[in-house]
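Note sheet for the following structure.
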Amino acid sequence: EDQVTQSPEALRLQEGESSSLNCSYTVSGLRGLFWYRQDPGKGPEFLFTLYSAGEEKEKERLKATLTKKESFLHITAPKPEDSATYLCAAPSGNTPLVFGKGTRLSVIA
Amino acid sequence: DVKVTQSSRYLVKRTGEKVFLECVQDMDHENMFWYRQDPGLGLRLIYFSYDVKMKEKGDIPEGYSVSREKKERFSLILESASTNQTSMYLCASSLQGRSYEQYFGPGTRLTVT
């Protein structure tokens, strides 16, 4: 069964303390890996698309990378406004997107 | 600006009631999706539609049906609501050929008592 697994479940950082979130997948014939951000009380918001191993995408303090088995979302010098739940997702069979359970990031000033 | 709206932010219904959740998008998107989101289970796809009057089952369609009579509107129907359908329901839309880049509405928190 195709799976998308995220770790850690929750992460608490001090402002400026860089770290990485992990998304591992066991999807046969990967057709892309996608990152979303979800703020409390809102729907997820699309961040990045990654299609091939070695690919990187950046947006402000966020950088997403992809290997053959996992993706990382690197957060450099985070600010409190980066606090959110970060979701990764991948297509699986006829399902357009299967989401991981997310990493809840808290950045403390 | 891209916008997906859902008819209610909060809804309380009784067991056995028929429940309609409405979703409207103003982006002329071909694809629309319904998810539910539960703590510890994440986002799970209920139904999706690639065109008017078309529907496809997602991963958890049991107990739900959908209707898409117009391109901009996608309705989720709970034929006979049960307490295990208490959840946050999220609607999303995307362009044809870009089903992975989805735009989500704010969600409807449904409580079935």
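Line order of the protein sequences matches chains G and B.
Letter by letter, the first sequence follows residues 2 to 110 of our numbering.
Letter by letter, the second sequence follows residues 333 to 445 of our numbering.
For every residue, glycine included, the Cβ atom is placed at its ideal position computed from N, Cα and C.
Assigned secondary structure, residue i (DSSP; H/G/I helix, E/B strand, else coil)
| i | result |
| --- | --- |
| Pro81(G) | helix |
| Asn23(G) | strand |
| Gln39(G) | strand |
| Gln15(G) | strand |
| Thr415(B) | helix |
| Glu354(B) | strand |
| Pro45(G) | coil |
| Thr50(G) | strand |
| Val108(G) | strand |
| Val398(B) | strand |
| Glu10(G) | coil |
| Arg405(B) | strand |
| Ser431(B) | coil |
| Thr66(G) | strand |
| Lys60(G) | strand |
| Val99(G) | strand |
| Pro92(G) | strand |
Option in the options with minimal Cα separation from residue i
| i | options | result |
| --- | --- | --- |
| Glu71(G) | Glu61(G), Glu56(G) and Glu18(G) | Glu56(G) |
| Asp40(G) | Leu48(G), Gly33(G) and Leu34(G) | Leu48(G) |
| Val351(B) | Asp391(B), Tyr396(B), Ile409(B) and Ser431(B) | Ile409(B) |
| Ser426(B) | Ser381(B), Glu388(B) and Tyr435(B) | Tyr435(B) |
| Ala413(B) | Arg346(B), Arg341(B), Thr337(B) and Ser339(B) | Arg346(B) |
| Arg400(B) | Thr415(B), Gly374(B) and Met386(B) | Met386(B) |
| Leu14(G) | Ala78(G), Leu63(G), Leu51(G) and Ala90(G) | Ala78(G) |
| Tyr382(B) | Glu394(B), Trp366(B), Gly395(B) and Ile392(B) | Trp366(B) |
| Thr27(G) | Glu46(G), Thr6(G) and Asp83(G) | Thr6(G) |
| Ile378(B) | Leu353(B), Leu343(B) and Thr415(B) | Leu353(B) |
| Lys335(B) | Glu46(G), Glu18(G), Tyr37(G) and Leu12(G) | Glu46(G) |
| Ala54(G) | Thr86(G), Ala65(G), Gly44(G) and Glu61(G) | Ala65(G) |
| Asp391(B) | Ser397(B), Ala424(B) and Arg376(B) | Arg376(B) |
Per-residue burial, residue i [other beta carbons within 10 Å of its own, 16 or more giving buried]
| i | result |
| --- | --- |
| Gln357(B) | buried |
| Pro371(B) | exposed |
| Met364(B) | buried |
| Lys102(G) | buried |
| Ser419(B) | buried |
| Ser431(B) | buried |
| Pro9(G) | exposed |
| Arg368(B) | buried |
| Ser407(B) | buried |
| Gly374(B) | buried |
| Asp360(B) | exposed |
Beta-bridge pairing of residue i - partner residues as DSSP gives them
| i | result |
| --- | --- |
| Lys389(B) | Tyr379(B) |
| Ser426(B) | Asn363(B) |
| Gly374(B) | Asp370(B) |
| Gln338(B) | Cys355(B) |
| Val444(B) | Lys345(B) |
| Val5(G) | Tyr26(G) |
| Leu410(B) | Val351(B) and Tyr396(B) |
| Leu31(G) | DSSP, once it has assigned bridges, lists no residue as partnering Leu31(G). |
Presumed contact (8 Å Cβ cut-off) between residue i and residue j, rounded CB distance
| i | j | result |
| --- | --- | --- |
| Leu74(G) | Ser21(G) | 7 Å |
| Ala110(G) | Pro81(G) | 5 Å |
| Thr50(G) | Gly30(G) | Contact flag wrong, Cβ pair sits at about 16 Å. |
| Thr440(B) | Val344(B) | The pair is not a contact, with the Cβ atoms about 11 Å apart (cut-off 8 Å). |
| Ser438(B) | Gly94(G) | This sequence places Pro at residue 438(B); Ser is not what is there. About 29 Å separates the two Cβ atoms, so there is no contact after all. |
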